[in-house]
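J.: Numbering (the UniProt record's numbering), first residue to last: 1 to 301. Ideal Cβ positions, reconstructed from N, Cα and C, are used throughout, including at glycine.
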Amino acid sequence: MVREIVKNKYLYVLSLPGLLFLLIFAYLPMAGHLIAFKRYRLSDGIWGSEWVGFDNFKFFFMGSDWYKVTFNTIFLNGLFIVCGLGMALLLAILLNEIQKVVFKKIAQSFIFMPYFISWLVVSMMVFAFLNTTDGILNRTLAANGLDPKNWYLMPEVWPAILTVIYVWKFAGYYSIIFLAAITGISGEYYESAKIDGATRFQQIIHITIPLIRNVLIVLALLGVGRIFYGDFGMIYGIVGDTAPLYPTTDVIDTYSYRALRQLGDFSKSSAVILYQSVMGLVTILIFNAIAKKIDKDSSLF
């Protein structure tokens, strides 16, 4: 071990800032999870506050909605992962097929741009589009002789709406990652396939997708690791406190925020976050084990 460090000392020195960053901002804050088991008071600090065991978890698990918001969180994130990565992969393949460099760069910039738009701006755009009285969609329906809809009273359509918004915002970002992986594939594979008479579609199915499978699995595993975390900025920014939409859009983060924003209870908030962290860890361990059985090179660890 010592010999290895001495041999690669410059590499270890270069990695030191990143390791320190992780230690300070990722690992040391984990000590704050102790608050979940204490009746935390700011005046007493973490160590001086009274131990209460699992009492702080009762707020969440003894409520009637915990299973519903947990299901919504998993379901929505599952849709985001599958549809987001699927669309990103499709965009990357289409971009790779573009031969004109100028048009390719313009297309990349265009699909990547939504990633930089804040959720506040996106929420205003969604409201302008779905507004009941003069929204763009309802005006279009009325112009075509159809009855306008009150979209904010239709919870059944919102998983699809949120998925479309997520894909629109993040597909361009992930497509760049896939495109980088695709451009790293040797052209000899495609030349050999052409000689054998393979069509472009067959080349994509039998060469492109299998050779970037590892990248796809890693991105999916990273998404699964946060499957118990709802995107608070997205969902609360777009849905807000619209109660009729809670059955399909209320996730753990928004539920906890509404329940605790008046109380300002750090202990109960920490209990919910710890629940999300533990379940996320268990989930990623399970899926990583499955990925390792399928292909050892595709697992995270």
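#1: Based on DSSP bridge pairs, tell me the residues matched to W51.
#2: Relative to the alpha-carbon of W119, which residue among W168, N72, V102 has its alpha-carbon at the smallest distance?
#3: With A143 as the anchor, note down where its alpha helix (DSSP H) starts and where it stops.
#4: If you check the beta carbons only, do L79 and T140 fall under 8 Å apart?
#5: Have a look at G197 and H206 and give me their C-alpha separation to the nearest angstrom.
#6: Leaving out the 5 sequence neighbours to the left and right, which residues in its chain are closer than 6 Å to F112 when beta-carbon positions are compared?
#7: Quick test of your reading: N96 and I182, contact by CB under 8 Å. State the CB separation rounded to the nearest angstrom.
#8: Once DSSP output is grouped into helix, strand and coil, what is the label at I5?
#9: To the nearest whole angstrom, what separates the beta carbons of V251 and T133, a pair I think is in contact under 8 Å?
#10: Between the Cα of A36 and the Cα atoms of L179, Y236, T242, G53, which residue gives the shortest distance?
#11: Using CA atoms only, rank isn't needed, just tell me which of L211, R226, L11, G48 is closest to T283.
#12: 8 Å is my cut-off, CB to CB: does I24 come that close to chain D?
#13: With three or more beta-carbon pairs closer than 8 Å as the criterion, would you say the segment 147 to 164 touches the segment 202 to 220?
#14: Quick check on K292: does DSSP put it in helix, strand or coil?
#15: Can you grab the Cα-Cα spacing for the pair I98 / K105, in whole Å?
#16: How about A271 and Y174: are their beta carbons less than 8 Å apart?
#17: From this set, L263, L91, Y12, which residue's C-alpha is nearest S109's C-alpha?
#18: Around the Cβ of V69, are there at least 16 other Cβ atoms within 10 angstroms (buried) or fewer (exposed)?
#19: Let me make sure I understand the geometry here. Which of Y166, L245, G48, V278 has the alpha-carbon closest to that of V82?
#20: Would you kindly work out how many angstroms separate the C-alpha atoms of F57 and M234, rounded to a whole number?
#21: Hey, I238 and V126: beta-carbon distance below 8 Å or not?
#22: My parser needs the alpha helix (DSSP H) runs of 4 or more residues fully inside the segment 225 to 300; what are they?
#23: Just to confirm, is the Cβ distance from K38 to S267 under 8 Å?
#24: Whole angstroms are fine: how far does the CA of G18 sit from the CA of A26?
#25: With residue 310 as the anchor, note down where its alpha helix (DSSP H) starts and where it stops.
#26: In or out: W158 buried (at least 16 other Cβ within 10 Å) or exposed?
#27: Would you tell me roughly how many angstroms separate the C-alpha atoms of residue 334 and Y229, rounded to the nearest one?
#28: Which first and last residues belong to the alpha helix (DSSP H) in which G86 is found?
T.: Looking at the coordinates:
#1: Residue pairing for W51: DSSP places it in a beta bridge opposite K38.
#2: Nearest Cα to W119 within the set W168, N72, V102: W168.
#3: Boundaries of the alpha helix (DSSP H) around A143: 136 to 143.
#4: Contact check for L79 against T140 fails: the beta carbons are separated by 8 Å or more.
#5: The alpha-carbon atoms of G197 and H206 are separated by roughly 13 Å.
#6: The residues are G172.
#7: With 8 Å as the limit, N96 and I182 qualify as a contact, their Cβ atoms being about 5 Å apart.
#8: Looking at I5 - three-state DSSP - the assignment turns out to be helix.
#9: Their Cβ separation, rounded to whole angstroms, is 28 Å, which puts V251 and T133 out of contact at 8 Å.
#10: Of the candidates L179, Y236, T242, G53, the one whose C-alpha sits nearest the C-alpha of A36 is G53.
#11: The shortest C-alpha to C-alpha distance from T283 to any of L211, R226, L11, G48 is the one to R226.
#12: In summary, chain D is missing from the structure at hand, where a single protein chain is found.
#13: No, the segment 147 to 164 is not in contact with the segment 202 to 220.
#14: Judged by DSSP in its simplified three-state form, K292 adopts helix.
#15: The straight-line gap from Cα to Cα measures roughly 10 Å.
#16: Not closer than 8 Å, so no.
#17: Ranking the options by Cα distance to S109, first place goes to L91.
#18: Within a 10 Å sphere around the beta-carbon of V69 sit 16 or more other beta-carbons, which makes this residue buried.
#19: The closest CA to that of V82, considering only Y166, L245, G48, V278, is found on Y166.
#20: Each residue's alpha carbon lies about 26 Å from the other.
#21: In this structure, I238 sits near V126, with a CB-CB distance shorter than 8 Å.
#22: Fully enclosed alpha helix (DSSP H) runs of 4 or longer: 232 to 239, 246 to 249, 252 to 260, 266 to 294.
#23: Contact flag set, yes.
#24: CA-to-CA, the gap between A26 and G18 works out to about 11 Å.
#25: Lying before the first or after the last residue shown, residue 310 is absent from the chain, which here runs from 1 to 301.
#26: Taking every protein chain shown into account, the CB of W158 has 16 or more other CB atoms within 10 angstroms, so this residue is buried.
#27: Only positions 1 to 301 of the chain appear in the structure, and residue 334 is not among them; the question remains open.
#28: Unbroken alpha helix (DSSP H) run through G86: 66 to 97.
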